[in-house]
Structures are given as structure tokens and as C-alpha cells.
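Here the structure comes first, spelled out in C-alpha cells, and everything after it is commentary.
There are 2 protein chains.
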Amino acid sequence: MTPTLFLQALDREIALQRYGDQPTDLYEPIRYLMALGGKRLRPVLTLLGASLYTDDWQTALRPAIAVEVFHNFTLMHDDIMDRAPIRRGQPTVHEKWNANTAILSGDVMLVQAYELLLDAPADLLRPVLARFNRTAAEVCEGQQWDMAFESRETVSEAEYLEMIRLKTAVLLGFALELGATLGRASVADAARLRQIGENIGLGFQLKDDYLDVYGEPGKFGKRVGGDILANKKTFLLIDALEKAESPIRAELDRWLAANDYNPVEKVEAVTAIYDRLGVGKTTETLMNQYFTNAFRLLDELPAEPERKATLRKFAEELIGRER
Amino acid sequence: MTPTLFLQALDREIALQRYGDQPTDLYEPIRYLMALGGKRLRPVLTLLGASLYTDDWQTALRPAIAVEVFHNFTLMHDDIMDRAPIRRGQPTVHEKWNANTAILSGDVMLVQAYELLLDAPADLLRPVLARFNRTAAEVCEGQQWDMAFESRETVSEAEYLEMIRLKTAVLLGFALELGATLGRASVADAARLRQIGENIGLGFQLKDDYLDVYGEPGKFGKRVGGDILANKKTFLLIDALEKAESPIRAELDRWLAANDYNPVEKVEAVTAIYDRLGVGKTTETLMNQYFTNAFRLLDELPAEPERKATLRKFAEELIGRER
Numbered sequence: 001m002t003p004t005l006f007l008q009a010l011d012r013e014i015a016l017q018r019y020g021d022q023p024t025d026l027y028e029p030i031r032y033l034m035a036l037g038g039k040r041l042r043p044v045l046t047l048l049g050a051s052l053y054t055d056d057w058q059t060a061l062r063p064a065i066a067v068e069v070f071h072n073f074t075l076m077h078d079d080i081m082d083r084a085p086i087r088r089g090q091p092t093v094h095e096k097w098n099a100n101t102a103i104l105s106g107d108v109m110l111v112q113a114y115e116l117l118l119d120a121p122a123d124l125l126r127p128v129l130a131r132f133n134r135t136a137a138e139v140c141e142g143q144q145w146d147m148a149f150e151s152r153e154t155v156s157e158a159e160y161l162e163m164i165r166l167k168t169a170v171l172l173g174f175a176l177e178l179g180a181t182l183g184r185a186s187v188a189d190a191a192r193l194r195q196i197g198e199n200i201g202l203g204f205q206l207k208d209d210y211l212d213v214y215g216e217p218g219k220f221g222k223r224v225g226g227d228i229l230a231n232k233k234t235f236l237l238i239d240a241l242e243k244a245e246s247p248i249r250a251e252l253d254r255w256l257a258a259n260d261y262n263p264v265e266k267v268e269a270v271t272a273i274y275d276r277l278g279v280g281k282t283t284e285t286l287m288n289q290y291f292t293n294a295f296r297l298l299d300e301l302p303a304e305p306e307r308k309a310t311l312r313k314f315a316e317e318l319i320g321r322e323r
Numbered sequence: 001m002t003p004t005l006f007l008q009a010l011d012r013e014i015a016l017q018r019y020g021d022q023p024t025d026l027y028e029p030i031r032y033l034m035a036l037g038g039k040r041l042r043p044v045l046t047l048l049g050a051s052l053y054t055d056d057w058q059t060a061l062r063p064a065i066a067v068e069v070f071h072n073f074t075l076m077h078d079d080i081m082d083r084a085p086i087r088r089g090q091p092t093v094h095e096k097w098n099a100n101t102a103i104l105s106g107d108v109m110l111v112q113a114y115e116l117l118l119d120a121p122a123d124l125l126r127p128v129l130a131r132f133n134r135t136a137a138e139v140c141e142g143q144q145w146d147m148a149f150e151s152r153e154t155v156s157e158a159e160y161l162e163m164i165r166l167k168t169a170v171l172l173g174f175a176l177e178l179g180a181t182l183g184r185a186s187v188a189d190a191a192r193l194r195q196i197g198e199n200i201g202l203g204f205q206l207k208d209d210y211l212d213v214y215g216e217p218g219k220f221g222k223r224v225g226g227d228i229l230a231n232k233k234t235f236l237l238i239d240a241l242e243k244a245e246s247p248i249r250a251e252l253d254r255w256l257a258a259n260d261y262n263p264v265e266k267v268e269a270v271t272a273i274y275d276r277l278g279v280g281k282t283t284e285t286l287m288n289q290y291f292t293n294a295f296r297l298l299d300e301l302p303a304e305p306e307r308k309a310t311l312r313k314f315a316e317e318l319i320g321r322e323r
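Chains F and P are the protein sequences, given in the same order. My numbering numbers the first residue of the first sequence as 1 and each following residue consecutively. My numbering numbers the first residue of the second sequence as 1 and each following residue consecutively.
As C-alpha cells, this is what we get:
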């Protein structure tokens, strides 16, 4: 099985899910958000994790969808908190309906994620749920840190890395671990796959930060410099604030405090500061360390080389992609 | 064991729960809301349900607290949606912190409820979680109907009863059923206890509606007539709108549309309309039907009479109480 075929199987199964019927305003937002698509990265990872150990990847299909439903639940609630108007090119649920509906639909979506996890075999149900509970709590912790950082004066690199680990990376780790567990991997192997997923997630988020500044405008989905214009505390900005001494620090502070400016000018000026401080290089180095860790852990994993090659190829494509 | 001793055991155990540590703003609101107290009705019902079948009620303690945590999660999110400033005499979480914190703390609270349910023995975990998932979804459905009814022109009595069944009664039913299941009752007995809880819940909610109009001001916690002043679509108002013909209907409509009025006058006038239509009597009759159903089902339950007597006494006190 290839990731493309897994994706097709997932999209077919997701299209079949009803989640519930009445009241329409409770369940329609779930179908709406789930139908907006996306790369289905997390459930593909679950199926790839299972495929390392078994040909019977189908038994992992509904639990894999649980991870995708959980991920979309976090998007629905995060979008309310972040007042985001657009998700995947379409109005967010709280914009299309309202905040109350988005709160309540999100709640029942979390319940549906648990319901899909009940497909796990009886002897694996408790360990799967215990790990899922921990992961879900960590994702909430990450979102709370992310919101708290917005209003904080300073955030250290260590704090930032822990925040993105919780908010983004642990769910990628859980997705792989879940697949491995359902494929009857040993606890040690499953834990190693969790580490692989977390490292990929950390590298991936750093790459996202990096590409906002250094991505090619054509390839990169978002507008280059969006994070700079929003004064977003990305790894690059945090690293720059740690490195900069006057007069560079004073110049950076001026741009961060500026209210009236030419956007192109600000992006160019802050990028020039990043260049002088070597912030891009530091970010790339750290990002590559995470990816290297992930591949090293995968190499050491005692699973069939052919099966590992599929996961490795998928991860390589994921990492190489300018998005 | 008596309900009072159960309550003490529950309060002790609840005080020990940490839910999580960092970030503080994620977990402190949970401890805050759980510490505001309340009657702990639902977990007491779980322990009473277990005690019908076993002396080892302690094994049901953490799952019982799961029901209380879930109930408080719904309060935290409902209070955001209803813009309620006060809960149990104290500021609501979204008032004391903010709406985003209340959304996210609520989310992690739902996860904690699942975590507490993992205390169920391995062979019961799946059935317990399946029933909990269904119940949790129904409670969300009830809240969505409740919000939808606010902006609807007409709501039928059947629709209203189904709404309060979902929003309030099913969780009381689940609380009893969960205890019975953990006490190793048969599936049939557990289902009967669910019915008992639902009937108590339905009667209880009707009583709440009734007491808003006909309760003694000193005994009843809330201000008498609060629902009338808020034009709240209680069973009494719905029944009145179904029964009233002109000119009474016209008078009732005038009060519902009035913007500028003396509150005491409105409460007196609407109460007089209810009296003329016999709305209070109808509500009392229906309420008593639910309570009678509950006691009949309990009488028929094949459990030890002495153990049943404790539950019966508790239910009688619950029902007799003017609150």
C-alpha cells in the first residue's frame, strides 16, 4: 500500500461518516469542516505506522480517522480563539454559523473521536485511550501556551520549542504510535515511532517558520513575510531577539513597535536583520537536527526494511515539500 | 453506606484531583469550578447504583467523578454560550478568566472525564465508554436544541420534553446505569436504572419549571418568576401557548412582547393566566407521572429490597426538596 492509496481509503471512509443527524446545526459543521479536506497527514501516518507491522491496515482505519477528527476539533475551537475567518480557503465554522455552534459542534466532535477509537481491539483499548488522553491534554496545553505567549514580553527558545512540541508535534507522534500499537508493535517500537513523529513535527513547524521568511513566493502557500507583519513570535523572531545587540536590537524593536509602515519595507528590513544575525541558518540547522533524529530513529527501528522504506519516502516528501 | 457518606467520599476524592499542572490557566479553572461544590447528585447516583449490586462501591468512585467532571464541563461551556455571569454564587470561568480559557479548559476537562472512566475494569471499558459517548453526544444535542428554541417562534410540548430529556435527564440516567454496570448488574437491570434516572431527571426539570412560578419565595433558591420575566420557554409557557385562546392569548402575547413593564405586575399577570389555563396543574400531573414511573421501575427491579430502599429514600428526598 502506498500513502496515496491510504489517502484514497481515508477520504472514502471520511465521506461515509455521518457523526450524527439531528439537530442539523450540531452535526453539519463537523461534516463541513471534515469535507474541506487537507492532506490527511495524521491518519496517513497512522496507517503507515500500522503497515510497518501488519498487512491488515484496515483495522486501523477508523482509529486513524479518530485522529483526523480530533485534529479538526482542535482547528474548530482554535479558530474561535484566534478569531480566524478562513480555514482551507473557506469560512471557519464560527464565521459560517456562530461561536456557540462552533463550541458545541467541537465538543461533540471530540466525543466522536473517542467513539471512533472504540474500534481498537479490546486488549488495546485502555493503552490506546490512555495515550490519546495524554496527547489530547498536551495539545490543549500547547494551545494555552501559544495564546499566553502572544501577550508575553519575552519567550525563550526552549519555551517556544516546548509549545510547538505540545501544540503540533505530539499529535503526529501519537498518530504513528497509534498505528504501530494497532499493528501489534512492541511498546518500545511504538514509543520509538512516537519519537519519530514528534521529531518530524518539530522540524516541520520550524520549517513553516523558516519558509514564511525564506520561502519562494510561488511555492509557499502563504504570503511571504506574513509572520513578520503580524509580529508573530516565531522561532526566527525569538532567536533574533536573543541574538541582537544594539544598534540592531533597537532597529528590530522599532519595527516591532511601528504602527504606520510600508509592509514590503518592514518585511525587507526585518529579513535583513535576520540575515545579519544568521537567524535563518540557526533555524535550518535545528530543523535538520530534528529531521536527522527522526531518520536515525527510523533506521534503528527493528522492522522490515521494505516497510520502513515506504514511511521514509513519505517523510522525505513531506519534509522536502515547500509547504 | 448512606448518600451522605458517599457525598463525603466524593468530596474528599474530588479535592485530591489535580487534573493537570502547567499551564496554570488551563487547569486552575477546572479546580475552581469543581471546588464550587454543588449537590454532587450525579456521582452520588452512580455510587447508589453500584451499591444496589455490590459492597465494593469504591471501584466506582473515579468513574463517578468522571460523571461530575463531565457535568461541570458542560456547565463551563454552557455558561459561555448563555453569557451567564454567575455559577453557584461565584463568577463563571469565562468571567473570571476569559472565553478562550473557558473553551480550552472545558475541552481538557472533557478529556479528564474520559481519563477517569479508564478506571473501569477492562471487560467493562468498551460498553461503559460506548454508553458515555452516546450520552455525551445527547447532552450536546440537548444544549443545541435549547439554544435553537430560544430564537424559534413556537416549540411543541413534545419537542420541549425531548430537549430536557437530552440536556438533563440522560446524564442522570447514565449516572445510575454506570454505577449498576460497574456493580456487575445485568444489562437489563442497568438499562432499567437508566430509565429510572431519566424519569427522575424529566420530573425534576418540570419541577424546576413549576417552582419558578409556584415555589415559595423563601424555600426556592431563585427569585420566583425569573423565567416569566425572561420569557423563557418553560413547559408552563409552552403549555399556556398551546391552551390559550383569545382574549387570553392576546393578553399573554402582549406580556411576552412588552418592553416597558413593572416586573411584579408581569409575574402576577402571567401567573394569573397560567392559573386560568390550569397550566400548573398540567405540569404537576406530568411531573408526577415521571416520578411514578421512576418508582414503579425501581419496585420492579430485581435487586435486594434493603439496597433499593436507600435509593428510593434518596430519590424521594430529591423530589420532595423545593429546589
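The beta-carbon is built from N, C-alpha and C at its ideal position, and this holds for glycine as well. These numbers come from a predicted model, not from an experiment.
Proximal residues to G280/P (C-beta, below 8 Å), its chain only, five neighbours per side dropped: Contacts found: Y210, V213, Y214, L236, Y274.
Partners in chain P for G20/F, counting only beta-carbon separations shorter than 8 Å: Close partners of G20/F in chain P (Cβ separation under 8 Å): A137, E141.
Partners in chain P for Q17/F, counting only beta-carbon separations shorter than 9 Å: Those do not exist, as Q17/F stays about 14 Å from chain P at its closest Cβ, beyond 9 Å.
For R126/F, three-class secondary structure by DSSP: R126/F: helix per DSSP, three-state reduction.
Test: F314/P CB closer than 8 Å to a CB of chain F: With respect to chain F, the C-beta atom of F314/P has no partner C-beta closer than 8 Å.
Residues in the region 144-159 of chain F having any Cβ partner in chain P nearer than 9 Å: If the cut-off is 9 Å between Cβ atoms, the region 144-159 of chain F has Q144, W145, M147, A148 near chain P.
Where the alpha helix (DSSP H) containing M1/F begins and where it ends: Here M1/F belongs to no alpha helix (DSSP H), and DSSP marks it neither H nor E.
Min CB distance Y114/F to chain P below 8 Å: Chain P contact via Cβ: present.
Y32/F versus W255/P - alpha carbon distance: Distance between the alpha carbons of Y32/F and W255/P is about 41 Å.
Assigned secondary structure, R88/F (DSSP; H/G/I helix, E/B strand, else coil): The three-state secondary structure of R88/F, taken from DSSP, is coil.
Where N262/P meets chain F, residues with beta-carbon distance less than 9 Å: The contacting residues do not exist; N262/P stays about 32 Å from chain F at best.
Nearest-angstrom beta carbon gap, F174/P and V67/P [assumed within contact, 8 Å]: For a cut-off of 8 Å, the C-beta gap from V67/P to F174/P is around 7 Å, short enough to register as a contact.
Backbone secondary structure at V155/P - three-state DSSP: V155/P falls in the coil class under three-state DSSP.
Positions along the region 106-133 of chain P whose CB lies within less than 7 Å of some CB in chain F: Cβ contacts with chain F: D107, V108, L110, V111, Y114, E115, L118, A122, L125, R126, L129, A130, N133.
Cross-chain neighbours of H328/P in chain F, by beta carbon under 8 Å: Absent from the structure is residue 328/P, since the part of chain P shown begins at 1 and ends at 323.
Runs of beta strand (DSSP E) wholly within the region 276-313 of chain F (minimum 3 residues, chain order): With a minimum length of 3 residues, no continuous beta strand (DSSP E) run stays inside the region 276-313 of chain F.
I164/P vs A294/P beta-carbon contact at 8 Å: It is not a contact, given that the beta carbons lie outside the stated cut-off.
Reference E304/P, options I30/P, A50/P, L26/P, closest by Cα: When the alpha-carbon of E304/P is set against those of I30/P, A50/P, L26/P, the nearest one is in A50/P.
As assigned by DSSP and simplified to three states, the class of Y19/P: Residue state, collapsed to three classes: coil.
Under 7 Å (Cβ pairs) to chain F, residues found in the region 25-39 of chain P: Listed by position, the residues of the region 25-39 of chain P near chain F (Cβ gap below 7 Å) are D25, L26.
Pick from F149/P, E159/P, T168/P, Q17/P that is closest to T135/P, judged by C-alpha positions: Cα-wise, what sits closest to T135/P is T168/P.
Where N100/P meets chain F, residues with beta-carbon distance less than 7 Å: Against chain F, the beta carbon of N100/P has neighbours under 7 Å at M81, M147, listed in chain order.
contact_flag[the region 75-87 of chain P, the region 100-112 of chain P] where n(CB pairs < 8 Å) is 3 or more: Result yes; three or more Cβ-Cβ pairs closer than 8 Å.
For T54/F, the three-state DSSP class (helix, strand or coil): T54/F: coil per DSSP, three-state reduction.
The region 141-150 of chain F contacting the region 136-148 of chain P, beta-carbon criterion three pairs below 8 Å: No: the two stretches stay apart, fewer than three of their Cβ pairs being nearer than 8 Å.
Beta-carbon spacing of Y53/P, A180/P below 8 Å: Against a cut-off of 8 Å, the Cβ pair of A180/P and Y53/P comes out as a contact.
Distance cut-off 7 Å: F6/P Cβ against heavy atoms of the ligand ADP: No copy of the ligand ADP occurs in the structure displayed, which carries no ligand at all.
R323/P at chain F interface by Cβ criterion, 8 Å: Note on R323/P: pLDDT 40, under 50, position unreliable in the model; no value is reported.
Short CB-CB distance (under 8 Å) between P23/F and chain P: So yes, P23/F belongs to the interface.
Cβ contact (3+ pairs, closer than 8 Å) linking the region 110-125 of chain P and the region 120-129 of chain F: Cβ pair count under 8 Å is three or more, so yes.
Selection from R194/F, D21/F, E198/F that minimises the alpha carbon distance to A137/P: The alpha carbon of A137/P has as its nearest neighbour, out of R194/F, D21/F, E198/F, the alpha carbon of D21/F.
Three-state secondary structure assigned by DSSP to T234/F: Reduced to three states, the DSSP call for T234/F is coil.
L301/P versus P217/P, N262/P, A35/P, R194/P, residue with shortest Cα-Cα distance: The shortest Cα separation from L301/P among P217/P, N262/P, A35/P, R194/P belongs to R194/P.
Three-state secondary structure assigned by DSSP to I224/P: In the sequence under discussion, the amino acid at residue 224/P is Val, which differs from the Ile named in the question. It is coil, neither helix nor strand.
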